[in-house]
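What follows is a single structure, written as structure tokens, with notes after it.
Below is the structure:
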């Protein structure tokens, strides 16, 4: 009887493990789909879109472990990007990226506008980033606010679609443009809500047998 | 909607409730170990002589059951694997520590957890072993970080799993380990029978 029970237990375990292997662990896209309603609600209520003025404040706050992820196409990134921002494709947003800078890191996803940045924000949040935001209005709004016409050509009138860089540059200036890191008082007089608050990550269940 | 598990116990039942839950779980774990005979160093040490492999079978069964259930719940998006604590890997300290741990287990007949179980029933050998554990902890804490600091972080790989190392879905790793475990159980039972028959011949 005991032997039969043990054999039955072993068979059940092997079958369950086979089921786990067949289902597979959820991908980043699965996790986004699972939390779609909650994530869309936060986006709709504009709880995570931070103003350029708020991001500028964070860039100068040495106590905030800020990670800026620029999810635009590489040519746009080469034309202009914020100092210390990191170019990354949406497919590169994984749990390893989230864990690397520590659990209290503040992630800000940057696009030309908000469409692609929203996708990046969803990927970050669904994979466990506790403090994730996106730049409201993207680089287009950032340049509207901080470029003051310096080095940029007149705005490209054909660039009316979402996530297209509206500002033109004579050459790829990367982070050498003054607007890549404007002085801290550049946003003085601009009204915005400071949305970023560093949240503690949820508890990690520890266990073990010594 | 966030995943259901792991539960935030402190949030659900408050900090006092959390402490009570921890004590209850610890008591339950210790009680089960004691009832299974794991407070007896002779039973624990017998596995190293292949006479009684109960400890090996129980512990390996516990590991594979927990592993399959964790990854099943994660696959069904009931649990978030990223929110479960996984001990960071420190390769060289792990290897050296494992050797010392194993040697201590063979010599003393206990691991630290079972020594606590044994001490709870006031077994002398368990109490002595526990004293040794505490002395070792103290000596390590006082000496190693001061004279051998580099060793503590040697081979640090962070949160690193077999699935990452092999580059496959954790489900396949779980299936592989379950199959290995079942194979090991069959093998050790054969060895147990062989050792028992040798004993009879003597």
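Chains as they are written, first to last, in this note's numbering: chain A, 238 to 447; chain B, 12 to 213.
Just so it is clear, CB atoms sit at the ideal spot from N, CA and C, and this is done for glycine as well.
At a C-beta separation below 7 Å, residue 332/A has these neighbours in chain B: 93.
Of the residues assessed, residue 22/B falls on the exposed side of the cut-off, its CB having fewer than 16 other CB atoms within 10 angstroms. Its Cα nearest to that of residue 427/A, the residue 382/A stands out among 382/A, 412/A and 319/A.
Listed by position along chain B, the residues whose Cβ is nearer than 9 Å to that of residue 250/A are 72, 75, 76, 79, 189, 192 and 193. Only those residues of the region 256 to 277 of chain A whose C-beta falls short of 9 Å from the nearest C-beta of chain B are listed: 256, 257, 258, 259, 260, 261, 262, 263, 267, 268, 271, 272, 274 and 275. Neighbours of residue 88/B in chain A, taken as residues at a C-beta separation under 8 Å, are given in chain order as 263, 267, 268 and 271. Counting only runs of at least 4 residues, the region 298 to 356 of chain A fully encloses the following alpha helix (DSSP H) elements, listed from N- to C-terminal order: 311 to 316 and 332 to 336. Per the coordinates, the alpha-carbon of residue 241/A lies some 44 Å from the alpha-carbon of residue 167/B. Residue 299/A counts as exposed, since fewer than 16 other C-beta atoms from the protein chains shown sit within 10 angstroms of its C-beta. For a cut-off of 8 Å, the C-beta gap from residue 261/A to residue 86/B is around 7 Å, short enough to register as a contact. Just so you know, the alpha carbons of residue 334/A and residue 247/A end up roughly 38 Å apart. Of all C-beta pairs linking the region 42 to 55 of chain B to the region 192 to 206 of chain B, fewer than three are shorter than 8 Å, placing the two stretches out of contact. A straight line joining the alpha-carbon of residue 316/A with that of residue 323/A spans about 14 Å.
DSSP lists 371/A as the bridge partner or partners of residue 286/A.
Taking the CA atoms as reference points, residue 72/B sits about 11 Å from residue 191/B. Segment contact: the region 22 to 33 of chain B against the region 90 to 99 of chain B, fewer than three CB-CB distances shorter than 8 Å; contact not assigned.
Measuring C-alpha to C-alpha distances from residue 91/B to each of 364/A, 257/A and 431/A identifies 364/A as the nearest. The residue from 275/A, 305/A, 403/A and 435/A with its alpha-carbon nearest to that of residue 368/A is 435/A. Residues of chain B with a Cβ closer than 7 Å to the Cβ of residue 254/A are, in chain order, 79, 185, 186 and 189. At the C-beta level, residue 345/A and residue 327/A stay beyond 9 Å of one another.
By the criterion of a C-beta distance shorter than 8 Å, residue 95/B is surrounded in its chain by 17 and 81, once the five residues flanking it on both sides are discounted. When DSSP states are grouped into helix, strand and coil, residue 169/B belongs to the strand group. Within 9 Å of the CB of residue 336/A, the CB atoms of chain B belong to 93, 169 and 170, in sequence order along the chain. DSSP places residue 208/B inside the alpha helix (DSSP H), whose first and last residues are 181 to 212.
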